[in-house]
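Number of protein chains: 4
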Amino acid sequence: MKVSVAGARGRMGSQAVAAVEAAADLQLVAALGRGDDLAAAQGSDVLVDLTVPDQVMGNVEQALARGMHVVTGTTGFTPERVAQVERWAAAAQRNVLIATNFGIGAVLVMQLAAKAARFFESVEVVELHHPGKVDAPSGSAIRTAQLIARAREAAGLGPSPDATETSLPGARGAVVDGIHVHAVRMRGMTAHQEVVLGGPGETLTIRDDTYDRAAYMPGLLVGIRQVASRPGVTVGLEHYLDLD
Amino acid sequence: MKVSVAGARGRMGSQAVAAVEAAADLQLVAALGRGDDLAAAQGSDVLVDLTVPDQVMGNVEQALARGMHVVTGTTGFTPERVAQVERWAAAAQRNVLIATNFGIGAVLVMQLAAKAARFFESVEVVELHHPGKVDAPSGSAIRTAQLIARAREAAGLGPSPDATETSLPGARGAVVDGIHVHAVRMRGMTAHQEVVLGGPGETLTIRDDTYDRAAYMPGLLVGIRQVASRPGVTVGLEHYLDLD
Amino acid sequence: MKVSVAGARGRMGSQAVAAVEAAADLQLVAALGRGDDLAAAQGSDVLVDLTVPDQVMGNVEQALARGMHVVTGTTGFTPERVAQVERWAAAAQRNVLIATNFGIGAVLVMQLAAKAARFFESVEVVELHHPGKVDAPSGSAIRTAQLIARAREAAGLGPSPDATETSLPGARGAVVDGIHVHAVRMRGMTAHQEVVLGGPGETLTIRDDTYDRAAYMPGLLVGIRQVASRPGVTVGLEHYLDLD
Amino acid sequence: MKVSVAGARGRMGSQAVAAVEAAADLQLVAALGRGDDLAAAQGSDVLVDLTVPDQVMGNVEQALARGMHVVTGTTGFTPERVAQVERWAAAAQRNVLIATNFGIGAVLVMQLAAKAARFFESVEVVELHHPGKVDAPSGSAIRTAQLIARAREAAGLGPSPDATETSLPGARGAVVDGIHVHAVRMRGMTAHQEVVLGGPGETLTIRDDTYDRAAYMPGLLVGIRQVASRPGVTVGLEHYLDLD
Chain A
136 MKVSVAGARG RMGSQAVAAV EAAADLQLVA ALGRGDDLAA AQGSDVLVDL
186 TVPDQVMGNV EQALARGMHV VTGTTGFTPE RVAQVERWAA AAQRNVLIAT
236 NFGIGAVLVM QLAAKAARFF ESVEVVELHH PGKVDAPSGS AIRTAQLIAR
286 AREAAGLGPS PDATETSLPG ARGAVVDGIH VHAVRMRGMT AHQEVVLGGP
336 GETLTIRDDT YDRAAYMPGL LVGIRQVASR PGVTVGLEHY LDLD
Chain B
136 MKVSVAGARG RMGSQAVAAV EAAADLQLVA ALGRGDDLAA AQGSDVLVDL
186 TVPDQVMGNV EQALARGMHV VTGTTGFTPE RVAQVERWAA AAQRNVLIAT
236 NFGIGAVLVM QLAAKAARFF ESVEVVELHH PGKVDAPSGS AIRTAQLIAR
286 AREAAGLGPS PDATETSLPG ARGAVVDGIH VHAVRMRGMT AHQEVVLGGP
336 GETLTIRDDT YDRAAYMPGL LVGIRQVASR PGVTVGLEHY LDLD
Chain C
136 MKVSVAGARG RMGSQAVAAV EAAADLQLVA ALGRGDDLAA AQGSDVLVDL
186 TVPDQVMGNV EQALARGMHV VTGTTGFTPE RVAQVERWAA AAQRNVLIAT
236 NFGIGAVLVM QLAAKAARFF ESVEVVELHH PGKVDAPSGS AIRTAQLIAR
286 AREAAGLGPS PDATETSLPG ARGAVVDGIH VHAVRMRGMT AHQEVVLGGP
336 GETLTIRDDT YDRAAYMPGL LVGIRQVASR PGVTVGLEHY LDLD
Chain D
136 MKVSVAGARG RMGSQAVAAV EAAADLQLVA ALGRGDDLAA AQGSDVLVDL
186 TVPDQVMGNV EQALARGMHV VTGTTGFTPE RVAQVERWAA AAQRNVLIAT
236 NFGIGAVLVM QLAAKAARFF ESVEVVELHH PGKVDAPSGS AIRTAQLIAR
286 AREAAGLGPS PDATETSLPG ARGAVVDGIH VHAVRMRGMT AHQEVVLGGP
336 GETLTIRDDT YDRAAYMPGL LVGIRQVASR PGVTVGLEHY LDLD
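This is the structure:
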């Protein structure tokens, strides 16, 4: 399978180039930096786009027009952008994977927690990140809480039990769709998330510890290898993992 | 739904009686101790058998003949016994759930770890139990390792990487179907299991902490409520959890 | 050593009676319930008071006057009450231990975290309790944060690094003397506390999991055995643990 | 304070050079590679030696003779070598710190676990490392077990309770001075150690996660800043941490 990478000089992109080169079943056609012409990727089966929001749409349009499937980890895909990509993909009869998180462990925490959620009275989310992170809680933690809330609602579960009467402000965390979410900021950490679920006499803990960008490469390779066989536009790596 | 409990004076049985009585949708018909006649359970939809290996087969045969479904957590179900139960169940057109572990968290650790296994190069199992336990590793840990090994094999994964050249005897744990399993014995603990999975730059941890027999009641109630709609004989609570 | 227990019918008290009876070096003189006369304890070396705030002062006064040392886990010791006990103890030349937490693990988390605090840029506290708890964060977590804050200040450390710019309310927890504290409420848990400390490339985690009132007995026995040799009034079991 | 680094081209050494340059109170005199003359370090208060066993003794001898204190993380210090360094240091009236582990968290796990050990019936050690490690258990885990065993012996504690009758080979780990030690090898991990201690109804867990060589720099800086005021030859960073 022939692969090109756009955004190849970035931190994610340079690791992606190395990962493609190291994979026996993949062949690197072009490693494109900002301003490089996508024509150099001609003949690729898949374009990996790891650029920035103001470049990605042009790249996706061109790559699809040139007959490539696209795997992108670039941020900024609003519903409008996704709808536009769907039109282009349909016209080109090519497929697209849009994923904001290629960490398989991080994706699994969300998906497994959502699967487990309906069996437990209580659930809370604790995310822990490096102290340079500007938002709290993390986007992943918010999405995890939303998935859990949806699973609990479908199972007819009400709120987790909580008798708190007096509390210092913030002690019980942020509340996302009824789920309590706590954000820790810690030197030495990178990106971590833990979901704790509890019923009478037992707790279940599901935790991801991500310490290095290398963690995103196995998931990216899953995307590259499968995009040709996954029709249409897919949002979220989890849909390629066949967890059900 | 009408429910009777055999083995109702035992530690699990007495909690089961209380759990049935506490459930709004269940009605307790009889709480039977050793020597009590199963006729007292007549009219029950479900018999819960929490007795001992030398009583359970007689109870199952009678309960099925009396038109009840059966949920049992009694140990000692050899393949021959299961085959016998299948014949009785088919003749009576009633269903049976045989489960050695009703802890939903404990079952989920196994099932979720098996689902996650194919995505990670490395995996090991650590189980931790009270110091009065006579076998190591636990039956659950052995079964977890077997499920993981099967999932890795299906995914074409070889052994987890391990460069160990010099080792104190036992340091790397027991090896079950190629999976390393470590058993900790600790005052203050009850029954705990952790599966750690690792790939480049990240680890995923799935852990169950069971501190009280109460942990088995939610799973038992799942069994009671579903056995009527699950045809035939089912071995393992996981098949009632619809995780897929 | 001869020991009596006041509050012997309570949940802590009945376990204390059993623990004293089980200890080869201790002899139970009297197990006193509400309204029982302290005269029955005459001849004891130590009175253990596990009563309620409106009984404890009378018991302490009488026990000291009768020549006993006192170990109490009863709550409500204001600075004024402590000062009063100090006067009585000095007059009687007997000793008193006042402790709100006899869990050695719980006390060690605080003390070890305070010892470690000056070596790490970042520190946060996560406490996890059963969902019936009415206050958040726990008193232990607040005290832990205060001890850590004092240790950091003594070491000249400023605030833990934190670049958070946008946050959902509560996401970053409560702030106690500059230390972020998060409170989780979870069915299946009892009383748990974790302190996470981080520096470049590493984190240190110190955690206590308390699942049963039995956890308070070893600390109570430490108090009983040592109170005779610890002059004056001591507040906090940690001073008997000789951690320095 | 003026500092030179020998072994400055190695992985540890290059980070040490950067750490010294980044420290406002330290001034880098010379960064020496293999074959460079130690004369270039003349005038330094402290020589940091991060070389190899066949170079370190020559460097230490010369540095002491030139009036420098020495901090070394080089391995291979047998009792004979330490005795030799003590003679040189006494003659030169300079001080030396020999440490095999400059990770403060890793050192704290050992020291805090040893402090806590006498309060708990049960204790086991779990170490987790990258899969390229050739020995199991790690040297740190062995030393941790030895320190714990010594603390338990001093407190009159016998072996941890363990009713195991049937075991798969290795399940209960290696036994070091009576302490069970388990070694996990996991892609994605670097160097981690966890000590679990248990008594009735509670457990205490002390854990270090080291993910990056950067973790050794804060401890190295402690060594550099303190060696001038710590008379003689000290083996082990813990003696500079004033934990008592």
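The listed protein sequences correspond, in order, to chains A, B, C and D. For the first sequence, position 31 (counting from the first letter as 1) is numbered 166 according to the numbering used here, and the numbering increases by one without interruption. For the second sequence, position 6 (counting from the first letter as 1) is numbered 141 according to the numbering used here, and the numbering increases by one without interruption. For the third sequence, position 31 (counting from the first letter as 1) is numbered 166 according to the numbering used here, and the numbering increases by one without interruption. For the fourth sequence, position 42 (counting from the first letter as 1) is numbered 177 according to the numbering used here, and the numbering increases by one without interruption. For each residue, glycine too, the CB sits at the ideal point set by N, CA and C.
- For D/H264, the closest alpha carbon among the candidates D/A318, D/A241, D/T235, D/E300 is that of D/A318.
- Close CB contacts of C/R278 within its chain, under the 7 Å cut and outside five residues either way in sequence, are with M245 (chain order).
- At a cut-off of 8 Å between beta-carbon atoms, D/R307 makes contact with chain B.
- In the DSSP annotation of this structure, C/L332 is not part of any alpha helix (DSSP H); the continuous beta strand (DSSP E) holding it starts and ends at 326-334.
- A distance below 6 Å between beta-carbons, with the five flanking residues on each side excluded, links A/E221 to the following residues of its chain, in chain order: V368.
- For C/A276, the enclosing alpha helix (DSSP H) has its first and last residue at 274-289.
- Secondary structure in the segment 210-247 of chain C: the beta strand (DSSP E) runs of 3 residues or longer, each lying completely within the stretch, are 231-233 in chain order.
- Listed by position along chain B, the residues whose Cβ is nearer than 8 Å to that of C/Y351 form an empty set, because the closest Cβ is around 12 Å away.
- In this structure, the beta-carbon distance from B/A251 to A/L243 falls below 8 Å.
- Scanning the segment 152-201 of chain A for uninterrupted beta strand (DSSP E) segments of 3 residues or longer gives 162-167, 181-184, listed from N- to C-terminal end.
- Looking at D/E262, D/P266, D/G308, D/A200, the one whose alpha-carbon comes closest to that of D/A241 is D/E262.
- For A/R320, the uninterrupted beta strand (DSSP E) segment begins and ends at 314-320.
- The Cβ atoms of D/L247 and C/L332 do not sit closer than 8 Å to each other.
- Residues of the same chain with a CB within less than 7 Å of the CB of D/A200, apart from the 5 flanking positions on each side, are A227 in chain order.
- With fewer than 16 other beta carbons inside 10 angstroms of its own, A/A218 counts as exposed.
- Under DSSP, D/S295 takes part in no beta bridge, so it has no partner.
- D/G308 and B/A306 do touch by the CB rule: their CB atoms are close to 6 Å apart, below 8 Å.
- Boundaries of the beta strand (DSSP E) around B/R342: 337-345.
- The beta-carbon of C/Y346 is placed less than 8 Å from the nearest beta-carbon of chain B.
- For A/V362, there is no enclosing beta strand (DSSP E), as DSSP gives it neither H nor E.
- Between D/E300 and B/V269, the gap from beta carbon to beta carbon is short of 8 Å.
- If you look at B/H264, you'll find it in the beta strand (DSSP E) that goes 257-264.
- Annotation for B/P335: no residue places its beta carbon closer than 6 Å to its own, counting only its chain and skipping 5 residues before and after.
- Considering only A/D344, A/L339, A/A151, A/G168, the residue with the shortest C-alpha distance to A/V357 is A/A151.
- Using a Cβ-Cβ distance cut-off of 8 Å, the segment 170-187 of chain B and the segment 139-150 of chain B are in contact, since at least three pairs of beta carbons, one from each stretch, lie closer than that value.
- Residue environment for D/Q361: buried (at least 16 other C-beta atoms within 10 angstroms of its C-beta).
- Chain order gives no chain C residues near D/L185, where near means a beta carbon separation below 9 Å; the closest approach is about 16 Å.
- Taking a C-beta cut-off of 7 Å against chain D, the contacting residues of the segment 264-277 of chain B are P266, G267, K268, V269, D270, A271, P272, listed in chain order.
- Distance check between A/R285 and each of A/S275, A/I314, A/L303, A/A271 places A/I314 closest, using alpha-carbon atoms only.
- Here D/Q328 is buried, its C-beta having at least 16 other C-beta atoms within 10 Å.
- Of all residues in the segment 175-199 of chain C, none places a beta-carbon less than 8 Å from a beta-carbon of chain A.
- CA-to-CA, the gap between A/A153 and D/I359 works out to about 39 Å.
- DSSP places A/A309 within a strand segment (E or B) once states are collapsed to three.
- Residue burial is scored here from C-beta neighbours: D/R320 has at least 16 other C-beta atoms within 10 angstroms and is therefore classed as buried.
- Note: D/K137 is bridge-paired with D/Q162 in the DSSP secondary-structure output.
- Contact between A/P366 and A/N230 holds, with the beta-carbon distance rounding to 6 Å and staying under 8 Å.
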